[in-house]
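Asks:
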Amino acid sequence: ETGRRSCVSGIKNWGYIMKFQYELKRSSRKTLAIEIKTDGTMVVRAPMRCPQSAIDTFLQEKQDWILEKMEKQKNRREQAKQVTVLTNAERELYRRQARIVFEQKVKYYAGRMNVTYGRIAVRNQKTRWGSCSAEGNLNFNWRLIFAPAGVLDYVVVHELAHRKEMNHSARFWGVVESYMPEYKKYQAWLKENGNLLPK
Numbered sequence: 003e004t005g006r007r008s009c010v011s012g013i014k015n016w017g018y019i020m021k022f023q024y025e026l027k028r029s030s031r032k033t034l035a036i037e038i039k040t041d042g043t044m045v046v047r048a049p050m051r052c053p054q055s056a057i058d059t060f061l062q063e064k065q066d067w068i069l070e071k072m073e074k075q076k077n078r079r080e081q082a083k084q085v086t087v088l089t090n091a092e093r094e095l096y097r098r099q100a101r102i103v104f105e106q107k108v109k110y111y112a113g114r115m116n117v118t119y120g121r122i123a124v125r126n127q128k129t130r131w132g133s134c135s136a137e138g139n140l141n142f143n144w145r146l147i148f149a150p151a152g153v154l155d156y157v158v159v160h161e162l163a164h165r166k167e168m169n170h171s172a173r174f175w176g177v178v179e180s181y182m183p184e185y186k187k188y189q190a191w192l193k194e195n196g197n198l199l200p201k
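Numbers given in our numbering equal positions in the sequence shown, counted from 1, plus 2.
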């Protein structure tokens, strides 16, 4: 079942009662979950037989978290409006620079990690920062050239770790951590700032 419902919280904020409109999606899942999308809309995922009263209680318990996430998404949308948009010539220049940097970093970390790799491509990927094929071909997003050096290192280590584990299992993350103990810091940076990099 999918539908739109409203939940009125009991907490006053800025002098008025907050009202959350959300899309309810029921499935065979066992727990309740909330997703705040980038456009600020909210999706509540619930088990098929979960009563509405339990959903309402859950949302009221999570209302502070909901407000915080909605505010963050609002700020991200405002920041995204200020992202620098480059010309085609500028993009090509930075793409070539990014390729040189990634080739150097891949060579260095592949040696440390004792893995092989195929070709390296630097592209304008919309949803990924990097990828590694089963043949060991590596793709990287040129926009990373504007990120801190440690972030580029993390993306390279992440993709080369797939040469040992072609998944995102605990063993995979163990490989990443063994070569970059602080990788979670760079993960967080990308999550918070990736959409602000020039396009």
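The C-beta atom is built at its ideal place from N, Cα and C for all residues, glycine as well.
Quantities reported herein were computed from a predicted structural model and do not represent experimental measurements.
Nearest CA to the CA of ARG31: which residue from GLU179, THR43, CYS52?
Replies: Ranking GLU179, THR43, CYS52 by Cα distance to ARG31 puts CYS52 first.
Asks: Flag this pair as yes or no: are the beta carbons of TRP144 and TYR96 separated by less than 8 Å?
Replies: Yes, the pair counts as a contact, with Cβ atoms nearer than the cut-off.
Asks: Would you kindly report the start and end of the unbroken alpha helix (DSSP H) that includes ALA172?
Replies: Element bounds for ALA172: 172-181.
Asks: Helix, strand or coil for LYS74? Go by DSSP, reduced to three states.
Replies: Residue state, collapsed to three classes: helix.
Asks: On the criterion of 16 or more Cβ atoms from any shown chain inside 10 Å, does VAL85 qualify as buried, or is it exposed?
Replies: Exposed, since its Cβ has fewer than 16 Cβ neighbours within 10 Å.
Asks: Run through DSSP, which three-state label would TYR188 get?
Replies: It is helical.
Asks: Please report the Cβ distance between LEU154 and VAL103, rounded to the nearest whole angstrom; I am assuming they are in contact, meaning their Cβ atoms lie under 8 Å.
Replies: With 8 Å as the limit, LEU154 and VAL103 qualify as a contact, their Cβ atoms being about 7 Å apart.
Asks: Near MET72, which residues of its chain fall below 7 Å by C-beta distance, leaving aside the five closest residues on each side in sequence?
Replies: The residues are ILE38, GLY42.
Asks: Tell me whether the stretch 146-165 and the stretch 128-136 touch, counting them as touching only if at least three CB pairs, one residue from each stretch, are closer than 8 Å.
Replies: These segments touch.
Asks: State the Cα-Cα distance for the pair ASN90 and ALA136, rounded to the nearest angstrom.
Replies: When rounded, the distance between both Cα atoms is 31 Å.
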